[in-house]
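Numbering-wise (numbering that gives the first Met the number 0), the sequence shown opens with residue 0 and increments by one.
Beta carbons: idealized from backbone N, C-alpha and C, even for Gly.
Presented below is the structure to which this report refers.
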Amino acid sequence: MEIDSPPLVIHNVHFIWDDLNTPYTITIENGLISAIYPTPPPPAHVPYATNINGNHGTVLPSFCQPHIHLDNPYLIHRGPPMVCGSFCEALELTNFSRQEYTEEDLIERGRRLIMENVQVGVTSMRCHVEVDEMVGLKCLEAGLKLKKEFGDEGRGICDIQIAVFAQEAVFIGEDNGVAMRKLFFEACEREGVDAIGSTPYVETTVALAKKNIDWIIDIAMLNKKHLDLHLDHNLSLRNEPLIYHLIHTLKSRSWSTSMPSHLRITLGHCTRLSLFPPYELRQLHELISTDNLPIHFVGVPAVDLYFMGRGPTDGPATGGGATERGTLPVIDWIRNYDFDVALGVGNVGNAFTPMGGVDPLGMAAWLGTVYQGGSQADCRVLLECITTRAKEAIGVMQNQYKDDDRMAISVGDQADLVIVGQRSRDMGVHELFVEPGYGRIVIKGGKIVAKRAVETWIA
């Protein structure tokens, strides 16, 4: 007979929208928030429950990684050293490492990536795993095992979505990619696959890129899976934006009326769209909304800013002229154009992102500078992009909020939470961005699944 776990009672936490002088107590039962009330001084121990002290930390909806590569983290120390840091070099260096992939190695690095994410407060992730003739189904097999290990069938600490992903061109080679596409189709039919995606811009021509888009949409629709594309990853006005062909194909295939409503179309990078003038952004929004296409954009700023704006040799930018860098301007797109946008870390510890860690909050903090968004309202939008908007982008959360507040935490909500740091009494939401707290308490389904503590000393 299964015995229900005792209620979890968290004392002395703060909400970002409320009085800094009022700490709250949150009670969680059967995975749901059952009560929220001001913490009495001193906190009253609740009998027959697990009582913990939030130490005046800020409680947020748990974080989500809507775009992260599971098979290639922590490769920066392997193979030849990086020289110029270009996108082509990153592909070459990663392919060098991929030749030596084993399932044991993939699981070891993937497990580290997931555990480091959980420790900072991530409870849901969409993980891209590559399928091609070099690695076969190794990455997929490892990803499916990790999904089972960390999901509800296993440890129950993080929901993992597996996105079968074609990083390489699919219409190339001696057989024009026939063997590759056959292998990919086999992968998409595997039980446990949640999303299907590709990288159209790596094809050798625009015509083949459009063919790639049509092909991947057809496979996603046939298998009734989420669609997840890396799209329009450039900053050149000379390059035709592929977003328009994507929308045309989705409409001609009747995605909105023939696909289950919970399935999402998630588009990563899309830096080319950051060059659109206001009138074109409004037209783009109209194109998407007229057919109720569930398109969500995911900015991957660490990768975007690292690769964009390089010099003529594809090395780091040099002096002597303006340097263009770009990533999706998420604050502007949400506030002024009502796009559905989220933020993802993308890569960790490889040639695509040689520096930086997994923490979405740390990423949001430095993005405030990139986006020149320093107001409390800007900070809230950035928090949405790593929590609720990120979960919407991968279909693990629907857009239903109390008073349209995406950061609201209410009675009846599923208890997926993160408590960050120790809040001071005078900085409000800016506290999280001035110095994102290292200390974390992570709650998934009403259970504490991770803690990270800070110990300091000074002479």
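Between the C-alpha atoms of E140 and H295 there is a straight-line separation of about 27 Å. In this structure, the CA atom of P22 is about 27 Å from the CA atom of G367. According to the DSSP assignment, E102 belongs to no beta strand (DSSP E) but to the alpha helix (DSSP H) extending over 102–119. Rounded to whole angstroms, T101 and N50 show a C-alpha spacing of 44 Å. When the five nearest sequence neighbours on each side are left out, the beta carbons in the same chain lying within less than 6 Å of the beta carbon of H68 are those of H127, N346, in order along the chain. Inclusion of P300 and R263 in the CB contact set at 8 Å is not warranted, their separation being larger than that value.
In the three-state reduction of the DSSP assignment, K223 falls in the coil class, being assigned neither a helical nor a strand state. Counting the other CB atoms within 10 Å of its CB gives G155 a total below 16, which places it among the exposed residues. Secondary-structure assignment with DSSP links D337 through no beta bridge to anything. DSSP places G394 outside both helix and strand once states are collapsed to three, so it counts as coil. Per DSSP, the continuous alpha helix (DSSP H) segment holding C138 begins and ends at 137–149. Among the bridge pairs identified by DSSP, N52 is matched with H10.
A buried status is given to W332, since no fewer than 16 other beta-carbon atoms sit within 10 Å of its beta-carbon.
Our two residues, V410 and T24, have alpha carbons roughly 12 Å apart in a direct line.
By the C-beta density criterion, H10 is buried, having at least 16 other C-beta atoms within 10 angstroms. Across the set D412, V419, S253, the C-alpha of D412 shows the shortest separation from the C-alpha of N29. Put simply, of L74, A206, G153 the residue whose alpha carbon is nearest the alpha carbon of A168 is A206. DSSP places I287 in the helix class (H, G or I) of the three-state scheme.
In the structure shown, I242 falls within a helical segment according to DSSP collapsed to helix, strand and coil. Beta bridge pairing from DSSP links G298 with L342.
Scanning the segment 169–196 from its first residue to its last, the whole alpha helix (DSSP H) runs of 4-plus residues come out as 177–187. If the five residues before and after G436 are omitted, its C-beta is found closer than 6 Å to the C-beta atoms of V419, G420, all from its own chain and listed in chain order.
When DSSP states are grouped into helix, strand and coil, E167 belongs to the coil group.
CA-CA distance, A452 to I385, rounds to 22 Å.
Here DSSP, grouped into helix, strand and coil, assigns L360 to helix. CA-CA distance, E103 to S96, rounds to 14 Å.
In this structure, the CA atom of N349 is about 33 Å from the CA atom of L280.
In this structure, L342 sits away from V395, with a CB-CB distance that is not shorter than 8 Å.
Distances from the alpha-carbon of V119 to those of V344, V433, H429, M133 put V344 closest.
Between G445 and L90, the C-beta gap is not smaller than 8 Å, which leaves the two residues out of contact. The C-beta separation of N291 from S255 comes to about 5 Å, placing the pair in contact by the 8 Å criterion.
Beyond the five residues adjoining it in sequence on each side, A364 comes within less than 7 Å, by CB distance, of F432, P435 in the same chain, given in chain order. Taking 8 Å as the cut-off, the Cβ atoms of L226 and I242 do not count as close. Rounded to the nearest whole angstrom, the CA to CA distance from V45 to V448 is 21 Å.
DSSP places F432 in the uninterrupted alpha helix (DSSP H) bounded by 429–433.
I215 and L228 do touch by the CB rule: their CB atoms are close to 7 Å apart, below 8 Å.
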